[in-house]
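> Below is a structure I'd like to ask you about.
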Amino acid sequence: AQTVTQSQPEMSVQEAETVTLSCTYDTSENNYYLFWYKQPPSRQMILVIRQEAYKQQNATENRFSVNFQKAAKSFSLKISDSQLGDTAMYFCAFMTTDSWGKLQFGAGTQVVVTP
Amino acid sequence: ETGVTQSPTHLIKTRGQQVTLRCSSQSGHNTVSWYQQALGQGPQFIFQYYREEENGRGNFPPRFSGLQFPNYSSELNVNALELDDSALYLCASSPGGLAGQAEAFFGQGTRLTVV
Numbered sequence: 006a007q008t009v010t011q012s013q014p015e016m017s018v019q020e021a022e023t024v025t026l027s028c029t030y031d032t033s034e035n036n037y038y039l040f041w042y043k044q045p046p047s048r049q050m051i052l053v054i055r056q057e058a059y060k061q062q063n064a065t066e067n068r069f070s071v072n073f074q075k076a077a078k079s080f081s082l083k084i085s086d087s088q089l090g091d092t093a094m095y096f097c098a099f100m101t102t103d104s105w106g107k108l109q110f111g112a113g114t115q116v117v118v119t120p
Numbered sequence: 056e057t058g059v060t061q062s063p064t065h066l067i068k069t070r071g072q073q074v075t076l077r078c079s080s081q082s083g084h085n086t087v088s089w090y091q092q093a094l095g096q097g098p099q100f101i102f103q104y105y106r107e108e109e110n111g112r113g114n115f116p117p118r119f120s121g122l123q124f125p126n127y128s129s130e131l132n133v134n135a136l137e138l139d140d141s142a143l144y145l146c147a148s149s150p151g152g153l154a155g156q157a158e159a160f161f162g163q164g165t166r167l168t169v170v
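So the sequences go chain by chain: A and B. Numbers given in the working numbering equal positions in the first sequence, counted from 1, plus 5. Numbers given in the working numbering equal positions in the second sequence, counted from 1, plus 55.
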C-alpha cells in the first residue's frame, strides 16, 4: 500500500521567518510525482510546488522550496520569508505514473503565521 | 483562482436521501477527479472521469457514482446518504495525457452536511 505521512499537525512561525514541513511516503514504484498543496480557509486546494521523482534537482517556486530525498522517501517543504497569507493547511500528496490523476494525500499540517 | 467551479457551495441533506454535486472543468481539460475530504483529514480519491468514461476508482461503495458530459463537466451522485458522508467534496480537472495528469486544478468544493 502507498501511504503519505505528515507528522506535524500544526506549525507556528513568525512573519519573515522560515518554516519547514515534513512529509514521508511509501511506495514501491520508481516513477511518481510529489506535490505540496495549500488549502486556505477558502477551501480551494492550490498547488504550491511539484517534484518529479526522476529529477534529482530540488524544485523551487519563489519562497517555496523542497528537499527531496528519494532514498529516504522524504519530501519536505521550506517556506522562506513567511507571510501572513501563507497561513493555511498544507498537504503533501503523491501520484504514481500507473495511477495517473489519483492523488494520495497526507493528513495535512496547519501553518499559522503570526505578526 | 482557477476555472474549476463547483455547485452548490453548501448543502444539507437528510440521511437516506440522494444528492448530486456538479463540477465544471477548466477550459481545455478533459479529465475530472472527485475527492472526499472529511473534517480534519486529507482528501480521499473517489473516482476519475476521462472523456466521459470512469477511469479509476478509490475505495468507495457503489452508491457513489458519477457522470461526465461531452463538455467535460461532471456530476457526483451519492445515494442513500449516511451521516459519515458529511464532508467537503472536491473536484479537480486536468488536461489529458500523462503529463497533464500532474497538473490538477481544484474547485472550491461543496460542503455536504448529512443530518
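Positions of the beta carbon are idealized from the N, C-alpha and C atoms, including for glycine.
Do the segment 91-101 of chain B and the segment 61-75 of chain B touch if we need at least three Cβ pairs shorter than 8 Å?
no
> So is Val170 (chain B) buried or exposed if we call it buried at 16+ other beta carbons inside 10 Å?
exposed
> Just to make sure I have the definition right: I need the residues of chain A whose C-beta is within less than 8 Å of the C-beta of Ala159 (chain B). Which are they?
Leu52, Gly106 and Leu108
> State the Cα-Cα distance for the pair Lys78 (chain A) and Thr8 (chain A), rounded to the nearest angstrom.
11 Å
> Can you check which of these residues, A:Pro46, A:Ser81, A:Ala76 and A:Pro45, is closest to Ile54 (chain A) by C-alpha distance?
A:Ser81
> Along the beta strand (DSSP E) that carries Val170 (chain B), what are the first and last residues, could you check?
Segment: none, Val170 (chain B) is in no beta strand (DSSP E) and carries neither H nor E.
> Rounded to the nearest angstrom, what separates Gly111 (chain B) and Gln13 (chain A) at their Cα positions?
31 Å
> When we look at the beta-carbon of Lys107 (chain A) and count the other beta-carbons within 10 Å, is it buried (16 or more) or exposed?
buried
> Name, please, each residue of chain A whose Cβ falls closer than 8 Å to the Cβ of Pro98 (chain B).
Met50, Phe96, Leu108 and Phe110
> Could you name the residues of chain B that Ser47 (chain A) contacts, counting a contact when the two beta carbons are closer than 7 Å?
Gln163
> For the segment 130-145 of chain B against the segment 108-122 of chain B, are there 3 or more C-beta pairs whose distance is under 8 Å?
Taking one beta carbon from each stretch, the segment 130-145 of chain B and the segment 108-122 of chain B have 3 or more pairs nearer than 8 Å; the two touch.
> Would a C-beta distance cut-off of 9 Å place Glu130 (chain B) and Leu122 (chain B) closer than the cut-off?
yes
> Beta-carbon separation of Gln56 (chain A) and Phe69 (chain A) under 9 Å?
In this structure, Gln56 (chain A) sits away from Phe69 (chain A), with a CB-CB distance that is not shorter than 9 Å.
> For Ser88 (chain B), return the contacting residues in chain A, with the cut-off set at a CB-CB distance below 9 Å.
Gly106, Lys107 and Leu108
> Give the DSSP bridge partners of His65 (chain B), in chain order.
B:Arg166
> What is the DSSP secondary structure of Ala93 (chain A), counted as helix, strand or coil?
strand
> Out of A:Lys43, A:Gln88 and A:Lys75, which one is the CA nearest neighbour of Ala112 (chain A)?
A:Lys43
> May I ask which residues mark the beginning and end of the beta strand (DSSP E) holding Asp31 (chain A)?
Thr29 to Asp31
> How long is the line joining the alpha carbons of Gln62 (chain A) and Lys75 (chain A), rounded to whole angstroms?
11 Å
> Does the CB of Gly90 (chain A) have a neighbour CB from chain B at under 9 Å?
Output row for Gly90 (chain A): interface = no.
> Looking at the C-beta of Val9 (chain A), does it have a partner C-beta in chain B at a distance below 9 Å?
yes
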